[in-house]
Amino acid sequence: MGEEEAARGTRRELLPELVREADTSLLECKVCFERFGHRQQRRPRNLPCGHVVCLACVAALAHPRTLALECPFCRRACRACDTSDCLPVLHLLELLGSTLHQAPAAPSAAPSTPGTLTCQHAFGGWGTLVNPTGLALCPKTGRVVVVHDGKRRVRIFDSAGGCAHQFGEKGEAAQDVRYPLDVTVTNDCHVVLTDAGDRSLKVFDFFGQIKLVIGGQFSLPWGVDTTPQNGLVVTDAQGGSLHLLEVDFADGVLRRTERLQAQLRNPRGVAVSWLSGAMAVLEHPSALETGPCNTRVKVFSSTMQLIGQVDTFGLSLFFPSRITLSAVTFDHQGHVIVADTAGPAILCLGKPEEFPVLKPMVTHGLSYPVALAFTKEYSLLVLDTASHSIKVYKADWG
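Under my numbering, the residue at position 134 of the sequence shown is numbered 164, and the numbers go up by one with no gaps.
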């Protein structure tokens, strides 16, 4: 009798957690991240491939005349009229409806730990963004700039996630955007991106007018960021170097180029701390050098002295699973924040002089994070290329 009571007690303890897991994993549309419901626009719809999205997303994905669409997850083609109500999810909504409202909040292991992140909302999605690669914030307006593989390859969102405008027509002309890798926005609101298609750096004003194309300077320009002095730092992945560019953005003139580092191993992402001027570079050495999937973060002071570095082999001594770093940024306190695609997760490495102080910040809800940016309100934007969306996390800094 005692064992039965203990088992019932265990089930009662597990029930709220199972209900919460069902709410986040089964009862949420993975395209718009809205909760399914019985009202028309939020009704869960089965696609022929078996994936489930809400009716509003079916309508948004479908061609207005032919009703043709592709599944945003497996790309199988179908038509909007081929979808049907997902009865199991509707029944689960009825079954758990009252329980979801009554379930107590999940206990937090460290509710006021600095760096703990909670997802607030997401925007973008398949069709709005196609295989996005870079993310930046306009420091004056707070608008979000994303480069992706759509027809117009630069898309600008307002602070609420609505599409403000887009530009960068796909094409072969010098001012067109061919294959964008990364993007930054300068202090005077110029959009600067690296283009692997013609191995150039391209500068636009915020409305999409081309100001400058810098070609012939790099073997493969990859990462780009803005310094507090309104300069540009650019990584050359094939050249193994880091460059500083001074540009007259108003007149569209390159004033000066300086090579800051020359012996980096396949450098990609780069970030500049506005607190200290430090620069973080994300290296992807070849497997022949360091073993498969090894990545490395190097942080240099504003005078280019190496002040901290750590690779994923070293991080594996502190973290139980494999780590593959894909993006780097600084928070407002000077901590180095990285994205991990193997987890997938967002991790805080601490300040460069403290490396490594590994602290997970986000460990679920991501698919393939490739870019990071902090807002002035201390929210973290994560560009998730697998879901073609920007996810907004609010930080509890205690």
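Ideal Cβ positions, reconstructed from N, Cα and C, are used throughout, including at glycine.
Computed from a predicted structure; not experimentally measured.
Asked	Found
Could you tell me which whole beta strand (DSSP E) segments of length 3 or greater appear in the stretch 338-367?	355-360
Assess contact between the stretch 298-306 and the stretch 275-289, defined as three or more Cβ pairs (one per stretch) separated by less than 8 Å. Is contact present?	no
Of all the options 113, 291, 314, which has the alpha carbon lying nearest to the alpha carbon of residue 332?	291
Grouping DSSP H, G and I as helix and E and B as strand, with all else coil, what is residue 423?	strand
Buried or exposed for residue 66, going by 16 or more other Cβ atoms inside 10 Å?	buried
Hey, which unbroken runs of the beta strand (DSSP E) at 3 residues or more fall wholly within the stretch 222-260?	230-234, 240-245, 251-256
Would you kindly check if the distance between the Cβ of residue 261 and the Cβ of residue 294 is under 8 Å?	no
Closest to residue 172 by C-alpha separation, out of 64, 93, 217, would be which residue?	217
Distance check for residue 364 and residue 384, CA to CA, integer angstroms please.	11 Å
Leaving out five residues on either side along the sequence, give the residues of the same chain with a beta carbon under 6 Å from the beta carbon of residue 274.	261, 263, 288, 290
For residue 257 and residue 240, I'd like the C-alpha separation in whole angstroms.	21 Å
Identify, in the order they occur along the chain, each residue of the same chain with its Cβ nearer than 7 Å to the Cβ of residue 221, setting aside the five sequence neighbours on each side.	175, 184, 213, 215, 234, 236
Below 8 Å, can you find three or more Cβ-Cβ pairs linking the stretch 144-159 to the stretch 409-424?	yes
Going by C-alpha to C-alpha distance, which of 266, 347, 259 sits closest to residue 277?	259
What's the gap between the Cα of residue 394 and the Cα of residue 164?	21 Å
Taking the beta strand (DSSP E) that residue 387 belongs to, which residues open and close that run?	Here residue 387 belongs to no beta strand (DSSP E), and DSSP marks it neither H nor E.
Given a cut-off of 8 Å, decide if residue 182 and residue 198 are closer than it, judged by their beta-carbon atoms.	yes
Please identify the residue among 404, 238, 330, 251 whose C-alpha is closest to the C-alpha of residue 228.	251
Going along the chain, which residues of its own chain have a beta-carbon closer than 6 Å to the beta-carbon of residue 206, five neighbours each way excluded?	199
Rounded C-beta distance between residue 375 and residue 390? I'm assuming under 8 Å.	6 Å
So within the stretch 147-184, which uninterrupted beta strand (DSSP E) runs reach at least 3 residues, ignoring any that extend past its ends?	164-167, 174-177
Which whole runs of the alpha helix (DSSP H) in the stretch 261-332 are 4 residues long or more, in chain order?	317-320
Determine whether the beta carbon atoms of residue 353 and residue 345 lie at a separation below 8 Å.	yes
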